[in-house]
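In the numbering used here, the protein residues as written are 100 to 345. Even for Gly, the Cβ is constructed at its ideal location relative to N, Cα and C. The block underneath contains the structure these notes are about, expressed in structure tokens.
This is how it looks when you write it as structure tokens:
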């Protein structure tokens with residue numbers, strides 16, 4: 100099935116639909132006009148089926164639509180679907196989505212590596228735009244997180260890892276003793292994790308693990324929280340929770 104989320108850019112709704120193996124030609128991406136549903140563009144993608152959600156970044160004076168699925172991280176022009184560049188660095192079935200912080204795109208996936216990519220360029224930039232790659236117990240579902248100085252990854256089995264964003268050096272790991280499908284979220288100077296059991300763990304975004312908060316939603320949580328207007332929204336198995344600072 101499909102698990103990618105739609106992405107808005109100006110008057111376009113962009114959907115990444117990666118299906119099957121690259122050689123069967125079913126992976127594609129489509130942009131629809133928001134007001135009418137008319138197809139603005141549609142392109143084929145030379146990738147394996149994935150569950151990743153694309154992101155749109157601003158780099159070197161242009162918008163780049165960043166996608167990740169075996170074997171490529173590919174950047175496109177959002178208004179036209181024209182390919183800008185690609186990097187070969189993804190292995191395995193892909194669910195963790197790309198992120199962007201402090202001038203680098205970070206991608207991670209089980210059976211691959213945590214990779215830092217500089218945007219920009221043209222064509223295959225695997226040899227020129229990869230700043231570093233780092234191995235470890237990487238996630239198969241959750242997306243990485245970065246504040247520009249540090250990068251965190253969270254494996255489904257609860258192994259939390261912290262890397263230096265400058266060079267990919269592993270700084271620390273922490274076994275949390277719970278299972279996770281929800282990606283970590285940065286809230287000010289802290290990081291929020293929510294386990295499958297609905298337990299919320301908050302730790303400081305620092306170079307050593309330091310837990311600063313804990314709570315429970317009282318029911319399973321499998322989705323990532325959303326943030327708007329100073330509030331967090333969490334969809335549990337039976338309820339939607341709204342949280343704000345008091």
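Residue 109 (DSSP reduced to helix, strand or coil): For this step, residue 109 is matched to residue 10 along the chain shown. It is coil, neither helix nor strand.
Spatial neighbours of residue 179 in its chain, beta-carbon cut-off 7 Å, leaving aside the 5 residues before and after: Here residue 179 corresponds to residue number 80 of the chain shown, with the count starting at 1. Cβ-Cβ distances below 7 Å link residue 179 to 140 in the same chain, with the five nearest sequence neighbours on each side left out; the list follows chain order.
Under 9 Å between C-beta atoms of residue 155 and residue 203: Counting from 1 along the chain shown, the entry for residue 155 is found at position 56. Counting from 1 along the chain shown, the entry for residue 203 is found at position 104. Residue 155 is not a Cβ neighbour of residue 203, given a cutoff of 9 Å.
Cα-Cα separation, residue 222 to residue 170: The sequence position of residue 222 within the chain shown is 123, counting from 1. The sequence position of residue 170 within the chain shown is 71, counting from 1. Cα to Cα, the separation comes out at about 15 Å.
Contact set for residue 124: own chain, Cβ-Cβ below 7 Å, skip 5 residues either direction: Locating residue 124 in the chain shown gives position 25, where the first residue counts as 1. 143.
Residue burial classification, residue 310 (beta-carbon count within 10 angstroms, cutoff 16): What you label residue 310 is simply residue 211 of the chain shown in a count that begins at 1. By the 16-neighbour rule on beta-carbons within 10 angstroms, residue 310 is exposed.
Nearest to residue 224 (by Cα), restricted to the options 116, 211, 182, 274: For the purposes of this step, residue 224 is taken as the residue at position 125 of the chain shown. Closest option to residue 224, Cα to Cα, is 182.
Span separating the alpha-carbon of residue 199 from that of residue 229: Locating residue 199 in the chain shown gives position 100, counting from the first residue. Locating residue 229 in the chain shown gives position 130, counting from the first residue. Spanning the alpha carbons of residue 199 and residue 229 requires a straight line of approximately 14 Å.
Beta-ladder partner(s) of residue 101, from DSSP: Numbered from 1 along the chain shown, position 2 holds the residue referred to as residue 101. Paired residues: none, contrary to the question.
Anticipated Cβ contact below 8 Å, residue 313 with residue 300, distance rounded: To locate residue 313, count along the chain shown from 1; it is residue 214. To locate residue 300, count along the chain shown from 1; it is residue 201. Confirmed, Cβ separation roughly 6 Å.
Other residues of its chain near residue 260: CB distance less than 6 Å, five sequence neighbours each side excluded: Locating residue 260 in the chain shown gives position 161, where the first residue counts as 1. The residues 235, 252, 272, in chain order, have a CB closer than 6 Å to that of residue 260 in the same chain once the five nearest residues on each side in sequence are set aside.
Cutoff 7 Å; reference residue 247; Cβ partners in own chain excluding five residues on either side: For this step, residue 247 is matched to residue 148 along the chain shown. These residues qualify, in order along the chain: 200, 201, 264.
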